[in-house]
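Quick notes on the structure that follows.
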Amino acid sequence: MKLYLCLILSFTFAVSSCNKFEFKNDKNPPIDNKKNPATTDKKKPPTEDKNKTPETTGDKPWEEQGKVWDGKIKGIEGSMRSIKEKTMTMEKDLAAVKTRNDSLYDSITGVSAPAKIDTTGRGDFSVAKNIYGSFLIACDGLSPIPGGYEVKLTIGNVTAARFDGYKLKVKWGDRVVELRKGDSIMPGSWTSISVVLSPATADSVKKILVYLEMTDVVLTKQK
13 MKLYLCLILS
23 FTFAVSSCNK
33 FEFKNDKNPP
43 IDNKKNPATT
53 DKKKPPTEDK
63 NKTPETTGDK
73 PWEEQGKVWD
83 GKIKGIEGSM
93 RSIKEKTMTM
103 EKDLAAVKTR
113 NDSLYDSITG
123 VSAPAKIDTT
133 GRGDFSVAKN
143 IYGSFLIACD
153 GLSPIPGGYE
163 VKLTIGNVTA
173 ARFDGYKLKV
183 KWGDRVVELR
193 KGDSIMPGSW
203 TSISVVLSPA
213 TADSVKKILV
223 YLEMTDVVLT
233 KQK
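According to the numbering used here, numbering within the sequence shown proceeds without interruption in unit steps and concludes at 235.
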């Protein structure tokens, strides 16, 4: 009888201990699927409408943007061309002013002055001045050549001196050419010379300036 009571008490104690153990170790409460975000449905990202066109979104097509940039580039190129043309015109005007100033200075000082030649006329002459005096310059002809013109000039030595060698400088438009000659210019005579003006146009060679400088002067001793 005692043994039977002991077994009953032991079984009761064991059941009671198991219930306590399960209650204390039941730390994880039951999962509520309604509160668990992992089990909830995720929101899907908005899908892009493939039928959407540039007109509906307000974006310009690439072709239209390219045309806009092409127009801007052409406008810049046109402005650059205009600036270049204006710069070239200013340079020509500056060269013309410099030529006039040089001529005016030479005329005032009286030391050196160019002969102003009208190539469209024949037989007329102008006077070129240098430290040795005044010399006559005339145009005997103007002929077109590839890329320019050839002008024929004659130099009249009205002094009693002979000059062995001279330098001739011719200006037309904004161009200049210089020639050095070792020929002698005899006293009281005409000396012919041809000068090539290139590049040149018909308008640019209508009026030319001729400068004359002497190298060596030779005088005859009287016995």
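Using N, Cα and C, we set each Cβ at its ideal position, and we do this for glycine too.
This one's a predicted model, so the numbers in the text were calculated from it and none came from an experiment.
Where does residue i land, buried or exposed, given buried means 16+ other C-beta within 10 angstroms?
i: Leu-224; result: buried
i: Leu-6; result: With the chain covering only 13 through 235, there is no way to say anything about residue 6.
i: Gly-133; result: exposed
i: Met-102; result: exposed
i: Val-109; result: exposed
i: Ile-129; result: buried
i: Thr-69; result: With a pLDDT of 46 at Thr-69, under the threshold of 50, the modelled position of that residue is not reliable, and the figure given next carries that caveat. Exposed, since its Cβ has fewer than 16 Cβ neighbours within 10 Å.
i: Ile-197; result: buried
i: Leu-180; result: buried
i: Gly-90; result: exposed
i: Val-163; result: buried
i: Asp-38; result: A caution first: Asp-38 carries a pLDDT of 47, below 50, which makes its placement in the model too unreliable to give a value.
i: Thr-131; result: buried
i: Pro-73; result: exposed
i: Pro-126; result: buried
Any idea which residues DSSP pairs residue i with across the strands?
i: Thr-245; result: Because the chain is modelled from 13 through 235, residue 245 falls outside the range shown and cannot be assessed.
i: Asn-142; result: Gly-145
i: Leu-221; result: Lys-128, Lys-183
i: Glu-76; result: For Glu-76, which the question treats as bridged, DSSP gives no partner whatsoever.
i: Val-188; result: Lys-183
i: Gly-160; result: Ile-157
i: Ile-197; result: Phe-175
i: Asp-228; result: Asp-176
i: Leu-209; result: Tyr-161
If I'm right that residue i touches residue j with Cβ under 8 angstroms, what's the distance once you round it to whole angstroms?
i: Val-182; j: Phe-147; result: Incorrect: roughly 14 angstroms between the Cβ atoms, too far for contact.
i: Ile-220; j: Trp-184; result: 5 angstroms
i: Met-226; j: Tyr-144; result: 5 angstroms
i: Thr-232; j: Trp-202; result: About 20 angstroms; that fails the 8 angstroms criterion.
i: Phe-137; j: Gly-168; result: 7 angstroms
i: Val-207; j: Val-189; result: 6 angstroms
Taking Cβ to Cβ, would you say residue i is nearer than 7 angstroms to residue j?
i: Ile-200; j: Gly-177; result: With the sequence shown as reference, residue 200 is identified as Gly, and Ile is not the correct amino acid for it. In this structure, Gly-177 does not lie closer than 7 angstroms to Gly-200 by Cβ.
i: Arg-209; j: Val-222; result: According to the sequence provided, residue 209 is Leu. The question's Arg does not apply to it. Contact flag unset, no.
i: Ser-155; j: Asn-142; result: no
i: Val-139; j: Phe-175; result: no
i: Asp-186; j: Lys-96; result: no
State yes or no: is the C-beta of residue i nearer than 6 angstroms to some heavy atom of the ligand MG?
i: Thr-166; result: In terms of ligand content, the structure shown is empty, and the ligand MG therefore cannot be addressed.
Consider the Cβ of residue i: report whether some Cβ of chain C lies at a distance smaller than 7 angstroms.
i: Gly-185; result: The structure shown contains no chain C; it holds only a single protein chain.
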